[in-house]
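Enquirer: The structure follows.
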Amino acid sequence: SLLKAIELLESYKVQAIIGPQKSSEAVFISNIGNVTQVPIISFTATSPSLTYNSMSYFVRATLDDSTQVKSIAALVQACGWREVVAVYEDTNYGRGILPYLIDALQEIDVRVPYRSVIPSSATNETIMQELGVLIAMQTRVFIVHMSSTM
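In our numbering, the protein residues as written are 126 to 275.
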């Protein structure tokens, strides 16, 4: 899809591109959109890093990932949990939501004593080792933020 977007911009002088499915694609294509002054519209890219301030030709037609954290924090609060562990993949997708999640949890006085970062290239063995670390902890509430491919 990245090559197609570049081809559309260079060869066909399009007025807008609707499409990037993944946030990582949207970031790349939006940079090109900023240079060429062509709007890039995405119905699925959710990374909070895709902002109008940095990507003036990017139009997000969905809520960004940071909106999820309000619901997660409300659930944590409703259940009376005082401590949670964040488990996320080591990608822009995984890292992008973390500051928003930590802030939302701190606002309701919930501690995050450990953050489990899973490399996107993790083997089953690596994941099992990390699960061993998590099982040994006293915290029993885990907030997992992973892409569907993990």
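Each residue gets a CB set at the ideal place from its N, CA and C atoms; glycine is no exception. For clarity, every value in this text was computed on a predicted model and none was experimentally measured.
For Ile-233, which of helix, strand or coil comes out of DSSP?
Expert: Here Ile-233 sits in coil by DSSP.
Enquirer: Under DSSP, the beta strand (DSSP E) around Val-96 begins and ends at which residues?
Expert: An answer regarding residue 96 cannot be provided, because it is not within the stretch 126 to 275 covered by the chain.
Enquirer: Rounded to the nearest angstrom, what separates Ser-179 and Val-209 at their Cα positions?
Expert: Whole-angstrom Cα-Cα distance: 32 Å.
Enquirer: Quick check: what's the CA-CA separation for Val-194 versus Ala-229?
Expert: Each residue's alpha carbon lies about 7 Å from the other.
Enquirer: Answer yes if the stretch 182 to 198 comes into contact with the stretch 155 to 167, meaning at least three C-beta pairs across the two stretches below 8 Å, and no otherwise.
Expert: Cβ pair count under 8 Å is three or more, so yes.
Enquirer: Once you ignore the five residues that flank Val-139 on each side, which residues in its own chain have a CB closer than 6 Å to its CB?
Expert: Result list for Val-139: Leu-133, in chain order.
Enquirer: Using the C-alpha atoms, what's the distance from Ile-268 back to Ile-260?
Expert: One C-alpha to the other measures close to 14 Å.
Enquirer: Thinking C-beta only, is Val-201 closer than 8 Å to Ser-241?
Expert: Result no, Cβ atoms of Ser-241 and Val-201 do not sit closer than 8 Å.
Enquirer: Suppose you measure from the CA of Ile-131 to the CA of Val-163; what does that come to, to the nearest Å?
Expert: Cα to Cα, Ile-131 sits roughly 11 Å from Val-163.
Enquirer: Does the Cβ of Asp-190 have 16 or more other Cβ atoms within 10 Å, making it buried, or fewer, making it exposed?
Expert: When all chains shown are included, Asp-190 counts as buried.
Enquirer: Runs of 3 residues minimum, wholly inside the stretch 198 to 230: which ones carry the beta strand (DSSP E) assignment?
Expert: DSSP runs (the beta strand (DSSP E)) wholly in the stretch 198 to 230: 208 to 214.
Enquirer: Who are the near neighbours of Arg-207 in its chain, counting only those whose CB is closer than 8 Å to its CB and skipping five residues on each side?
Expert: Asp-234, Val-235 and Arg-236, listed in sequence order.
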